[in-house]
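Student: Can you read through this structure? Questions will come right after.
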Amino acid sequence: MTKVRTPSDQIHIGGEMDVARAALRASVVGKELGFDAVNCAKFATAVSELARNILKYAGKGEVRLTPLDGSRPGLEVMAIDRGPGIADTAAALSDHYSSGGTLGLGLPGVRRLMDEFELDSVVGEGTRVVARKWRR
Amino acid sequence: MSDRPGGAEGTSDGNATPMQVTRGSLVVSLQRVLEENQLRRLRHDLLEQIQRKGLRGVILDASAVETMDSVDFSTLRRTLEMAALMGAIPIIVGLRPGIVSALVTMDVDIRGLRAAADLDRGLELLEELQATPE
Chain B
69 MTKVRTPSDQ IHIGGEMDVA RAALRASVVG KELGFDAVNC AKFATAVSEL
119 ARNILKYAGK GEVRLTPLDG SRPGLEVMAI DRGPGIADTA AALSDHYSSG
169 GTLGLGLPGV RRLMDEFELD SVVGEGTRVV ARKWRR
Chain S
202 MSDRPGGAEG TSDGNATPMQ VTRGSLVVSL QRVLEENQLR RLRHDLLEQI
252 QRKGLRGVIL DASAVETMDS VDFSTLRRTL EMAALMGAIP IIVGLRPGIV
302 SALVTMDVDI RGLRAAADLD RGLELLEELQ ATPE
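Structure below.
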């Protein structure tokens, strides 16, 4: 039975400032949970990339940050939108689309920054990315 | 409009990135949080400063930056490329370990980018590069 976790932060993404805000919030939450500087930055960057994708492809959506309680503490980011969805999720996750910045979604990069990564997308309905990082 | 010493002419919105000429080079102090409008403004101000003052070097000081994603990096990188085309050698300094780890993990394009650990080393590097013909 999955335990329902309460997000500590739910950040609406609708403009540039929201991307920056989500990244900063992720950094703060990471520090609060005791992530070291490097892993905190990785988490924050992943959150920023996902927030940007929402903005770029869906126009708006939400980023939820949830602290996790496993054998070690962790952090989860869930990025949801009701945008066009990704037709070919396999292609989106392949390294042809991994170069940062202008090419594609940068999802392979996000996956490398995190420990766990799930992508769900339905064309015409939207996209949800869930990624988790565990503290060492 | 206010005119900060060595800096860009100000406007009332206050999203200008601080810039100052030090030892003949423009030192740009990136802020803690990067944001697209601010980076666009930075680019405009930086290029204008280079042209107006005939500057031969630009140092982007990233030591205060908390997070940077691949799009921020790409924007900054292009700004530095533009500076180079105007005859100002660009250097980035002070990138934090976390940011560097994240950017390299994301496989961003770092080819041709010159970096130094901090501002002092950056200024030294610029002086070396400006002294030696490439």
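Protein chains in written order, with my numbering: chain B, 69 to 204; chain S, 202 to 335. For every residue, glycine included, the Cβ atom is placed at its ideal position computed from N, Cα and C.
Of the residues that make up the stretch 90-124 of chain B, which ones have a beta carbon closer than 7 Å to any beta carbon in chain S?
Tutor: Listed by position, the residues of the stretch 90-124 of chain B near chain S (Cβ gap below 7 Å) are 91, 92, 95, 105, 106, 108, 109, 110, 112, 113, 116, 117, 120.
Student: Does the stretch 310-325 of chain S touch the stretch 176-188 of chain B, meaning 3 or more C-beta pairs lie closer than 8 Å?
Tutor: Output reads no: the stretch 310-325 of chain S does not touch the stretch 176-188 of chain B.
Student: Residue 227 (chain S) bridges to which residues according to DSSP?
Tutor: Translated into positions along the second sequence, residue 227 (chain S) becomes position 26. Paired residues: S:222, S:259.
Student: Verify whether the separation of the beta carbon atoms of residue 294 (chain S) and residue 267 (chain S) is less than 8 Å.
Tutor: Looking up residue 294 (chain S) in the second sequence gives position 93. Looking up residue 267 (chain S) in the second sequence gives position 66. Cβ distance not < 8 Å, so residue 294 (chain S) and residue 267 (chain S) don't count as in contact.
Student: Return helix, strand or coil for residue 166 (chain B), following the three-state DSSP convention.
Tutor: Start at 1 with the first residue of the first sequence, and residue 166 (chain B) comes out as number 98. Confidence is the limiting factor: at residue 166 (chain B) the pLDDT is only 45, short of 50, which leaves the residue's position unreliable, though a coordinate-based value still follows. Coil.
Student: What do you get for residue 271 (chain S), buried or exposed, if any count of 16 or more other CB atoms within 10 angstroms of its CB means buried?
Tutor: Locating residue 271 (chain S) in the second sequence gives position 70, where the first residue counts as 1. Residue 271 (chain S) is buried by the Cβ-count criterion.
Student: What's the gap between the Cα of residue 263 (chain S) and the Cα of residue 246 (chain S)?
Tutor: Locating residue 263 (chain S) in the second sequence gives position 62, counting from the first residue. Locating residue 246 (chain S) in the second sequence gives position 45, counting from the first residue. Their Cα atoms are separated by approximately 17 Å.
Student: For a contact defined as C-beta to C-beta under 7 Å, what are the partners of residue 84 (chain B) on chain S?
Tutor: For the purposes of this step, residue 84 (chain B) is taken as the residue at position 16 of the first sequence. What residue 84 (chain B) touches in chain S: 236, 237, 238.
Student: Could you confirm whether any beta carbon from chain B is found closer than 8 Å to the beta carbon of residue 172 (chain S)?
Tutor: Because chain S in this structure spans residues 202 to 335, residue 172 (chain S) falls outside the shown range and cannot be described.
Student: Could you tell me the boundaries of the beta strand (DSSP E) in which residue 144 (chain B) lies?
Tutor: As a working note, residue 144 (chain B) is residue 76 in the first sequence. Where residue 144 (chain B) is concerned, the enclosing beta strand (DSSP E) stretches over 141-149.
Student: If you measure between the beta carbons of residue 102 (chain B) and residue 111 (chain B), is that distance less than 8 Å?
Tutor: On the first sequence, residue 102 (chain B) is found 34 positions in, with the first residue counted as 1. On the first sequence, residue 111 (chain B) is found 43 positions in, with the first residue counted as 1. No, Cβ-Cβ distance for residue 102 (chain B) and residue 111 (chain B) is not below 8 Å.
Student: Would residue 260 (chain S) and residue 229 (chain S) be called neighbours here (beta carbons separated by less than 8 Å)?
Tutor: By 1-based counting over the second sequence, the position of residue 260 (chain S) is 59. By 1-based counting over the second sequence, the position of residue 229 (chain S) is 28. For residue 260 (chain S) and residue 229 (chain S), yes; Cβs fall inside 8 Å.
Student: Look at the Cβ atom of residue 224 (chain S), then the Cβ atom of residue 331 (chain S), and state whether they are nearer than 8 Å.
Tutor: As a working mapping, residue 224 (chain S) is identified with position 23 in the second sequence. As a working mapping, residue 331 (chain S) is identified with position 130 in the second sequence. For residue 224 (chain S) and residue 331 (chain S), no; Cβs fall outside 8 Å.
Student: Check whether chain S comes within 8 Å of residue 76 (chain B), counting only Cβ atoms and requiring the distance to be less than that.
Tutor: Here residue 76 (chain B) corresponds to residue number 8 of the first sequence, with the count starting at 1. Not closer than 8 Å to any Cβ of chain S, the Cβ of residue 76 (chain B) fails to qualify, so no.
Student: Take residue 155 (chain B) as the anchor and find which of B:128, B:131, B:142, B:189 has the nearest alpha-carbon.
Tutor: Here the question's residue 155 (chain B) lines up with position 87 in the first sequence. For the residues B:128, B:131, B:142, B:189, the minimum Cα distance to residue 155 (chain B) belongs to B:189.
Student: Where does residue 146 (chain S) sit, in a helix, a strand or coil, going by DSSP?
Tutor: The question about residue 146 (chain S) has no answer here: the residues shown for chain S are numbered 202 through 335.
Student: Output the residue ranges of the alpha helix (DSSP H) runs that lie fully inside the stretch 70-107 of chain B and measure 4 residues or longer, sorted by chain position.
Tutor: Counting whole runs of 4 or more residues, the stretch 70-107 of chain B contains the alpha helix (DSSP H) stretches 84-100.
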